[in-house]
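A.B. asks:
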Amino acid sequence: MLTGQTPILVLKEGTRRERGKGALSNNIAAAKAIADAVRSTLGPRGLDKMLVDSMGDVVVTNDGVTILKEMDVEHPAAKMLVEVAKTQDQEAGDGTTTAVVLAGELLKRAETLVEQNIHPTLISQGYRLASQKALEVLQKISEPVEVTDTATLKRVAITSMASKSVSYNREKLGDIAVKAITAVAEKTEKGYYVDLDNIQLIKKQGGSMTDTELIEGVIVDKEKVHTAMPNRVASPKIALLDAALEIKKTEIDAKIEINDPDQLNAFLQEEENMLKRMVEQVKKSGANVVFCQKGIDDLAQHYLAKEGIYGVRRVKKSDMEKLAKATGANIVSKVSELTADDVGVAGLVEERKIGEDSLTFVTGCVKAKAVSILMRGGTEHVLDEIERSLDDALNVVAVAVEDGRVVYGGGAAASELALHLRDEAAKVGGREQLAFESFAEALETIPRTLAENAGLDPIDILIELRKTHKAGQKHAGVNVQLGKVDDMKALFVVEPIRVGRQAIESATDAAVMILRIDDVIASKGSPAPPGGAGGPGGGMGGMGGMGGMGGGDFGED
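Using this note's numbering, you'd call the opening residue of the sequence shown number 17 and step up by one each time.
Listed below in C-alpha cells is the structure:
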C-alpha cells in the first residue's frame, strides 16, 4: 500500500495470504480430503488402513480417530476435522468416522451453494437451524433402554464392533463389555453414571481372541515378592498400604557413631524389630494379603512369608484405587494405623502365569465396583485392535446406560432425519431453505457410504430408503449383508443416541467454522496451504508424511 509514496508494511516479509473464495475452497478441499481418507472404513464392510510412522511402527485399524491421530496432518482446516474425531471419541466413544464424513459432506454441499452466490453466513445459519431440528427429531425417534435390559445393551456393543476386525468374535466380546459396564455402573439422582477408569484392560500376547475373559475383580501386573509366600489365598483378607514396609532414612543428614560391636548389633536388632512390628501389625489386622504401593524390605518379605501372608510391592496408584473399590478395603498411609476395619475381602487371590509374566489375580469380589478384562491375541497388532474395539464397545454401552436412549443404525436414523429436514425446508423459506436441503443430503451420505463400501449401488439404495421412510418405516436402513433395504430394529442394529447427537453437533460446528473463514494469513515458516485452491492432494500440505502415503492418495473419488 502506498501513502504519500511511502510503502507501509503491514505483514512480515514471507507471510502468505489468501482471500475470498480461493481461501474457502482450499479449506474445503483439505477437509474433504480428510473425510475421503476415512470414508472407506465406515460400516461392517469397511476396510482397514495400514499406517506406518517415521519410526517404522505399524498400526492396522479402521478406527477413525486412530487413523486421524496417526496421520501427519498439517493443513489447518484439516486439523479441525481431526479435532472433530477426537471430540467424538471423548464424548461418545464411537462414531468418529461418521462425524468426520458428515463434516466433509456438509462442506462439500456448502461449496456448491457458495458457487450459486449464496453467502456463507446464510449457509451457516441454515446449517445451525437444520442441526437443531435434526437433534429434536433424533430425540423423538429414539427409544428408551434400561440398565437391566442386557440383551439390548449387548446389541449396542455388537453393533459398534460389527465394522472391526474382531467382528467374528463379537458375541463373546459384547457379553464381556455389558457385564463390565453393568458391574461398575453407579446409580445417581439423575440416573446412572459409569466411570470407565474402574474397568482395567490388560493385554497379554499369546493364546487367541477367544481366551479374552472378564475378571470380576482386579488383575495386578505384579508377582508375589517372596517365593516362600503361598501361590493362592482362598477367602483372603486384603490390606492396602500407601506406606513402605521399610525403615525410613532420616530426612536430614545424620551421623551415627558406633564404637563397639555390641552397639552395632543392638542397632541392627532394633531395625529388625521395627520391621517385625510392622508385619505383626499387618497380622493383627487379620490381613493375609498385602498390596503395597511402595517398597517392601527383604527382611519384611521374610517375615511376611513366615506368617503365610501374600505380599505385592510397587503397585500402581490406579490399581490400588481399583482394589479398594473391588474389595472394600481402605488405603492406609501409616502401617501402625492399620486395623481390621480397613481390611477388604475377595473370593480368591492367586498368582497366575500368563505367557511369560506372572500376574496377581484378585477375583470373586462380591458386587465388585471395579473389574478387569484380560485380552489375549496372537500378535501385538491384533491385541491393539482388540483393545480399540473393546474400548469402543465399553464406551457405547456406558453412554447407552447413562442416557437411557438408543436409536437404530445402518443409516436408518440418518435417513429419517433427512426426510424430516426436507419437509421442514419448505416451511423455512428464503435461502436458508437450500441449506436445510443440503444438510439433509449430507446426512444421507451415511447410508450412501455404507452402500458404497458394501459394493452396492448407492443410488438404488438411497431411492429405496427414501421411499420406505416416506411410507412410515422409520427403522429402515441398509442391510449390507444381503445388499438391500431392511428393518434395522428386526436386525438389532442399535446405537446410543449420544453417538448420533455428538456427530451432528461436532460436524456442524466444524463445518460452520470453516465456512466462515474468508482470509488465510500464514506467517513465514508455518504449514500454510499452498497457494491456489488446489485439489485435496496438493492442498493438504503435510498429509504426505504418512510413511510414504503421498497426498495424492487422498484425491476425491
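For each residue, glycine too, the CB sits at the ideal point set by N, CA and C. Keep in mind that this is a model prediction, so the values were computed, not measured.
Go ahead and label L433 buried or exposed: buried means 16 or more other beta carbons lie within 10 angstroms of its beta carbon, across all protein chains shown.
C.D. replies: buried
A.B. asks: Who are the Cβ neighbours of D573 in its own chain at under 6 Å, not counting the five residues just before and after it?
C.D. replies: Confidence at D573 is low in this model, with a pLDDT of 38, below 50, so its placement is unreliable and no value can be given for it.
A.B. asks: Can the beta-carbon of G380 be found less than 8 Å from the beta-carbon of A362?
C.D. replies: yes
A.B. asks: Scan the stretch 246-318 and note each continuous beta strand (DSSP E) run of 3 residues or more that stays entirely inside, going in chain order.
C.D. replies: If we require 3 residues or more, the beta strand (DSSP E) runs fully inside the stretch 246-318 come out as 248-250, 253-257, 305-308.
A.B. asks: Return the bridge partner residues of Y184 from the DSSP annotation.
C.D. replies: Answer by DSSP bridge pairing: none, since Y184 is not bridged.
A.B. asks: Give every residue of the same chain whose Cβ lies closer than 6 Å to the Cβ of I83, excluding the five residues on either side of it in the sequence, and list them in chain order.
C.D. replies: Same-chain partners within the cutoff: V54, K65.
A.B. asks: Would you kindly check if the distance between the Cβ of I513 and the Cβ of L154 is under 8 Å?
C.D. replies: yes
A.B. asks: Could you give the first and the last residue of the continuous alpha helix (DSSP H) run that contains K149?
C.D. replies: 136-157
A.B. asks: Could you please give the first and the last residue of the uninterrupted alpha helix (DSSP H) stretch that includes Q106?
C.D. replies: 92-107
A.B. asks: Helix, strand or coil: how does DSSP classify I462 here?
C.D. replies: helix
A.B. asks: Checking 8 Å against the spacing of the C-beta atoms, do L390 and K238 come in under that value?
C.D. replies: no
A.B. asks: Taking three-plus beta-carbon pairs below 8 Å as touching, is the stretch 41-56 in contact with the stretch 88-106?
C.D. replies: They touch, by the three-pair rule.
A.B. asks: The alpha helix (DSSP H) with V54 in it runs from where to where?
C.D. replies: Residue range 36-55 is occupied by the alpha helix (DSSP H) that includes V54.
A.B. asks: Nearest-angstrom Cα distance between R32 and S454?
C.D. replies: 33 Å
A.B. asks: Just grab the DSSP bridge partners of F377 for me.
C.D. replies: I235, E366
A.B. asks: Using 8 Å for Cβ pairs, my map puts V496 next to A538. What's the rounded Cβ distance?
C.D. replies: Contact between V496 and A538 does not hold, since their C-beta atoms are separated by about 42 Å, which reaches or exceeds 8 Å.
A.B. asks: Are there three or more Cβ pairs, one per stretch, closer than 8 Å when the stretch 300-319 is compared with the stretch 247-261?
C.D. replies: yes
A.B. asks: In terms of residue numbering, what span does the alpha helix (DSSP H) encompassing V528 cover?
C.D. replies: 513-531
A.B. asks: Can you look up S388 in the DSSP assignment and give me helix, strand or coil?
C.D. replies: Residue state, collapsed to three classes: strand.
A.B. asks: Rounded C-beta distance between D79 and R404? I'm assuming under 8 Å.
C.D. replies: At roughly 5 Å, the Cβ-Cβ gap stays under 8 Å, so D79 and R404 are in contact.
A.B. asks: Going along the chain, which unbroken runs of the beta strand (DSSP E) with 3 or more residues stay wholly within the stretch 390-456?
C.D. replies: The stretch 390-456 contains these whole beta strand (DSSP E) runs: 421-424.
A.B. asks: Helix, strand or coil: how does DSSP classify T243 here?
C.D. replies: coil
A.B. asks: Considering only C-alpha positions, which residue in the set K486, R329, P60, E86 is nearest to M71?
C.D. replies: The candidate whose alpha carbon is nearest that of M71 is E86.
A.B. asks: Consult DSSP for E468 and reduce its assignment to one of helix, strand or coil.
C.D. replies: helix
A.B. asks: With distances taken from CA atoms, which of G324, V413, R248, E127 is nearest V161?
C.D. replies: When only C-alpha atoms are compared, the closest one is V413.
A.B. asks: So is D105 buried or exposed if we call it buried at 16+ other beta carbons inside 10 Å?
C.D. replies: buried
A.B. asks: Looking only at its own chain, which residues have a Cβ that is under 6 Å from the Cβ of A544, when we skip the five neighbours before and after it?
C.D. replies: Only weak support is given to the placement of A544: the predicted model assigns it a pLDDT of 49, under 50, and the value that follows is read from those uncertain coordinates. Answer for A544: R32, A538, listed in chain order.
A.B. asks: The beta strand (DSSP E) that contains K65, what's its start and end?
C.D. replies: 65-68
A.B. asks: Tell me whether A150 is buried or exposed, calling it buried when 16 or more other Cβ atoms sit within 10 Å of its Cβ.
C.D. replies: buried
A.B. asks: What distance in whole Å lies between the Cβ atoms of I312 and V241, which are believed to be in contact at a cut-off of 8 Å?
C.D. replies: 5 Å
A.B. asks: If I follow the unbroken alpha helix (DSSP H) through V494, where does it start and stop?
C.D. replies: From DSSP, V494 is part of no alpha helix (DSSP H) but of the beta strand (DSSP E) over 492-495.
A.B. asks: Hey, quick one: how far does the alpha helix (DSSP H) through L217 stretch, first residue to last?
C.D. replies: From DSSP, L217 is part of no alpha helix (DSSP H) but of the beta strand (DSSP E) over 215-221.
A.B. asks: Quick one: grab the DSSP three-state call for G360.
C.D. replies: DSSP places G360 in strand when its eight states are reduced to three.
A.B. asks: Going by alpha carbons, who is nearest to G344 out of D476, E127, G59, V378?
C.D. replies: V378
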